[in-house]
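Below: one structure, written as structure tokens.
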DNA sequence: CCGGTTGCCCAAAGCGCTTTGGATGACCGT
DNA sequence: ACGGTCATCCAAAGCGCTTTGGGCAACCGG
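Protein chains in written order, with my numbering: chain A, 67 to 407; chain B, 67 to 407.
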């Protein structure tokens, strides 16, 4: 059932039916009701491609999710972020077009998205410190919102980020208050912008207490269980091992924990662990004390908000860039305790 | 730069340029080269909407990922499945349109996808034992491939599945061989088709040794860390607690482990755990003995293959339904050992 | 020399929608 | 009775592509 058929069935022109459905004033209320009723009865919905061709807007947003070429893995936070963004799109009648791409030919994908006019805007995931995508998208005049920030960018652009620096500052401070002085940082890859900011927060908190950062207890790796395990294991084997760990995510924190226990130490007693927690649904236990003390911030909510910002920007591309900084909360769990001497 | 501009710049008609780019024979080799060269120079790519409108095919595939209304969470396996499918789409020039939807109005989404003609086919995720979507999609004449199966379906349909029954049969058998007799099943929700098949495998293996299944050590819950923990904790508190656990996924297995250790028992020595492992990138440690003994099967690969099957089906919708059954391998880890008496 | 092929190219129709720019009556006051 | 307003409807153009159905030379053999 296409517009032509529907209008024929109603004995009206396509123009009138279209205007009736799209809420134009110059169609009588009686006809409008008749049209809407018939549309529902025949389950008519306009062809999205034809509609967007006529309208000029695709009513779709692109998400390019990077595939780490190192481990060929896709970061589990994307699922939750996308679920959040998807809620916003569903509410406002937008589609989400996903492209999974190895990070070595992102540029091609963005250019393609722009020139094929498949989407009205894109969300930039996993930005690096110096990410060429900001420049590229500005050049392409494609509206975009970065999930995170790009510290080394020359252009102004829209972003939504968690205050990673403050979160890791507070977490470090918390461990220092518990008496810990050998605090390890098991960070994400430090080409990633968020990882740099977290390290800055960590180092600033140490500096405030006159502690010099020790590179031997600072690692920067992919955020996998295995990487967390290996980093912690080698640090624990040092002559002066850390008594606390600050970890980039729940997943590597599981690895850190494994290394700690393998050494016969008890988490929360002999060794403290704080990690960043993106509130992934399958890990949080709503009704009990969490296992890990964590800086917590909902990725799902971030997805919702980022999508809203982007749709806003699409509606008014000439307006000013939008920014939003979310704060993480420090949630106490069972993985931290005072330094035991 | 649209087709009109490009053809004007070349002094050719749109027809000729289009045919040159699409490899039609009736254009001279000289002109074709000239056109292709110009297209590259101007970075011309046809408008996808106009193209698909003219061609009739959207060159896009829909993925509707369900959001559990109970925990509002999205299953982490989707990320990997989609990464796999995305590889196939990228290779063959298809787009992926994602819709995240709470399971109470899936039907609307599928109807919409069909009548707006946004996609040429869909992948059905997380099928239930009696899933109305099979019937719906057949009625809508929308090509689809189910990731999993729908045991109670009347229609024939295309699917790709893991041999869940055999996987859990073998895992149970393995635990029996180790001497275990009290083997618990921490299953996924048994409205899900895969969960039913896994239970069938588990019960069949027990029956082969003359063991009656005990409902007190069989649970069926959402696959979260917390659900695994709670199930295991209450089972371990029984007068005759299980000495081994068969768990639906790595995530709840982490919860089971937590419950085991909380009780002062050692995993792999006092209590054995076998779980199903979907080979999610961030958990597998390629270069060492895995923590958990598991029935392993790559979701990523499943995504790749399912997408291939679907594109095949889209190319020839009148052909027979496609089926594919993948076998899981049993991988030995550190979480299992012989029964200690 | 001439009808028939062949190679190359193009104008125009069509995909299904929205929007522009009227057209047609009904109704108004004078 | 009549010009003017208003409400309601519609034909046709346009979005940017592909495809149909020729057109026009150049070349062929008879």
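Ideal Cβ placement from N, Cα and C applies to all residues, glycine included.
| Going by other Cβ atoms of all chains shown within 10 Å of its Cβ, with 16 needed for buried, is residue 257 of chain B buried or exposed? | Exposed, because fewer than 16 other Cβ atoms sit within 10 Å of the Cβ of residue 257 of chain B.
| said: Give me the chain A residues within the contact set of residue 109 of chain B, using Cβ-Cβ distance strictly less than 8 Å, ordered along the chain. | reply: Those are 177, 181, listed as they occur along chain A.
| task | Pull up the DSSP beta-bridge partners for residue 164 of chain A, would you. | result | BP columns for residue 164 of chain A point to A/129, B/162.
| query | Can you find a C-beta in chain A that's less than 8 Å from the C-beta of residue 148 of chain B? | reply | Yes, residue 148 of chain B counts as interfacial toward chain A.
| With C-beta atoms as the reference, is residue 188 of chain B less than 8 Å away from residue 210 of chain B? | When the beta-carbon positions are compared, residue 188 of chain B and residue 210 of chain B come within less than 8 Å of each other.
| field | Contact set for residue 147 of chain A: own chain, Cβ-Cβ below 8 Å, skip 5 residues either direction | value | Excluding sequence neighbours, residue 147 of chain A sits near 191, 213, 365, 366, 368, 369, 372.
| field | Range of the contiguous beta strand (DSSP E) that encloses residue 360 of chain A | value | Segment 359 to 362, the beta strand (DSSP E) holding residue 360 of chain A.
| query | Excluding five sequence neighbours on each side, which residues of the same chain lie with their C-beta closer than 7 Å to the C-beta of residue 362 of chain B? | reply | Answer for residue 362 of chain B: 343, 345, 394, 395, 397, listed in chain order.
| message | I need the boundaries of the alpha helix (DSSP H) containing residue 102 of chain B, first residue and last residue. | response | Unbroken alpha helix (DSSP H) run through residue 102 of chain B: 95 to 107.
| In the structure shown, what three-state DSSP assignment does residue 303 of chain B receive? | Coil.
| query | Helix, strand or coil: how does DSSP classify residue 310 of chain A here? | reply | Of the three classes helix, strand and coil, the one that applies to residue 310 of chain A here is strand, per DSSP.
| Do the CB positions of residue 232 of chain A and residue 309 of chain A come within less than 8 Å of each other? | Taking 8 Å as the Cβ cut-off, residue 232 of chain A and residue 309 of chain A do not qualify as a contacting pair.
| query | Exposed or buried, which one is residue 90 of chain B when buried takes at least 16 other CB atoms within 10 Å? | reply | By the Cβ-count criterion, residue 90 of chain B is exposed, with fewer than 16 other Cβ atoms from all chains shown falling within 10 Å of its own Cβ.
| query | In chain A, what lies closer than 9 Å to residue 119 of chain B by C-beta? | reply | Per Cβ cutoff of 9 Å: 113, 115, 116, 119.
| query | For the candidate residues A/268, A/348, A/246, whose alpha-carbon lies nearest to that of residue 470 of chain A? | reply | Chain A is shown only over 67 to 407; residue 470 of chain A falls outside these bounds and no answer can be derived.
| request: Using a Cβ-Cβ cut-off of less than 9 Å, give me the residues of the stretch 278 to 303 of chain B that come near chain A, in sequence order. | output: Residues passing the 9 Å Cβ filter: 288, 289, 290, 291, 292, 293, 295, 296.
| field | Residue nearest to residue 405 of chain A in terms of C-alpha spacing, selected from A/95, A/339, A/300, A/166 | value | The candidate whose alpha carbon is nearest that of residue 405 of chain A is A/339.
| field | Spatially closest choice to residue 140 of chain A from B/347, B/382, B/376, B/356, by CA coordinates | value | The residue from B/347, B/382, B/376, B/356 with its alpha-carbon nearest to that of residue 140 of chain A is B/347.
| C-beta atoms of residue 115 of chain B and residue 125 of chain A nearer than 8 Å | It is not a contact, given that the beta carbons lie outside the stated cut-off.
| task | Taking all protein chains shown into account, decide if residue 142 of chain B is buried (16 or more other Cβ within 10 angstroms of its Cβ) or exposed. | result | Label assigned to residue 142 of chain B: buried.
| Would the beta-carbon of residue 313 of chain B fall within 8 Å of that of residue 380 of chain B? | No, they are not a contact pair.
| task | Measure from the alpha carbon of residue 386 of chain B to the alpha carbon of each residue in B/221, B/402, B/315, B/294, then state which is nearest. | result | Nearest to residue 386 of chain B by alpha-carbon distance, out of B/221, B/402, B/315, B/294, is B/221.
| field | Classification of residue 355 of chain B by the beta-carbon crowding that lies within 10 angstroms, buried from 16 upward | value | By the C-beta density criterion, residue 355 of chain B is exposed, having fewer than 16 other C-beta atoms within 10 angstroms.
| field | Straight-line gap, residue 272 of chain A to residue 319 of chain A (C-alpha atoms, nearest Å) | value | CA-to-CA, the gap between residue 272 of chain A and residue 319 of chain A works out to about 21 Å.
| query | Quick one: what does DSSP say residue 119 of chain B is sitting in, helix, strand or coil? | reply | Look at residue 119 of chain B here: in three-state DSSP terms it is helix.
| request: Note down, one range per segment and in chain order, each beta strand (DSSP E) of at least 3 residues found wholly within the stretch 191 to 261 of chain B. | output: List check, beta strand (DSSP E) in window: 210 to 213, 224 to 228, 249 to 253.
| said: I need the DSSP call for residue 138 of chain B, collapsed to helix, strand or coil. | reply: Annotated three-state conformation of residue 138 of chain B is coil, per DSSP.
| message | Just to confirm, is the Cβ distance from residue 399 of chain B to residue 358 of chain B under 8 Å? | response | Taking 8 Å as the Cβ cut-off, residue 399 of chain B and residue 358 of chain B qualify as a contacting pair.
| said: Using 8 Å as the threshold, is the C-beta distance between residue 162 of chain A and residue 164 of chain B below it? | reply: Between residue 162 of chain A and residue 164 of chain B, the gap from beta carbon to beta carbon is short of 8 Å.
| request: Starting from residue 133 of chain A, find everything on chain B with Cβ-Cβ shorter than 7 Å and list it in chain order. | output: The contact set of residue 133 of chain A on chain B, defined by CB atoms closer than 7 Å, consists of 149 in chain order.
| query | Can you find a CB in chain A that lies within less than 8 Å of the CB of residue 344 of chain B? | reply | Contact of residue 344 of chain B with chain A is not assigned, every C-beta pair being separated by 8 Å or more.
| query | On the three-state DSSP scale, how would you describe residue 285 of chain A? | reply | Strand.
| query | So which residues of chain A does residue 165 of chain B contact, with C-beta pairs closer than 9 Å? | reply | By Cβ distance, chain A contributes 152, 155, 156, 161, 162.
| Going straight from the alpha carbon of residue 167 of chain B to that of residue 334 of chain A, what length do you get? | So the two alpha carbons sit approximately 39 Å from each other.
| field | Given residue 277 of chain B as reference, the closest of B/216, B/197, B/238 once Cα atoms are compared | value | Across the set B/216, B/197, B/238, the C-alpha of B/238 shows the shortest separation from the C-alpha of residue 277 of chain B.
| For residue 246 of chain A, which residues from the same chain have a beta carbon less than 7 Å from its beta carbon, with the 5 sequence-adjacent residues on both sides left out? | In the same chain as residue 246 of chain A, and ignoring 5 residues on each side of it, the C-beta atoms closer than 7 Å to its own belong to 309, 310, 338, 405, in chain order.
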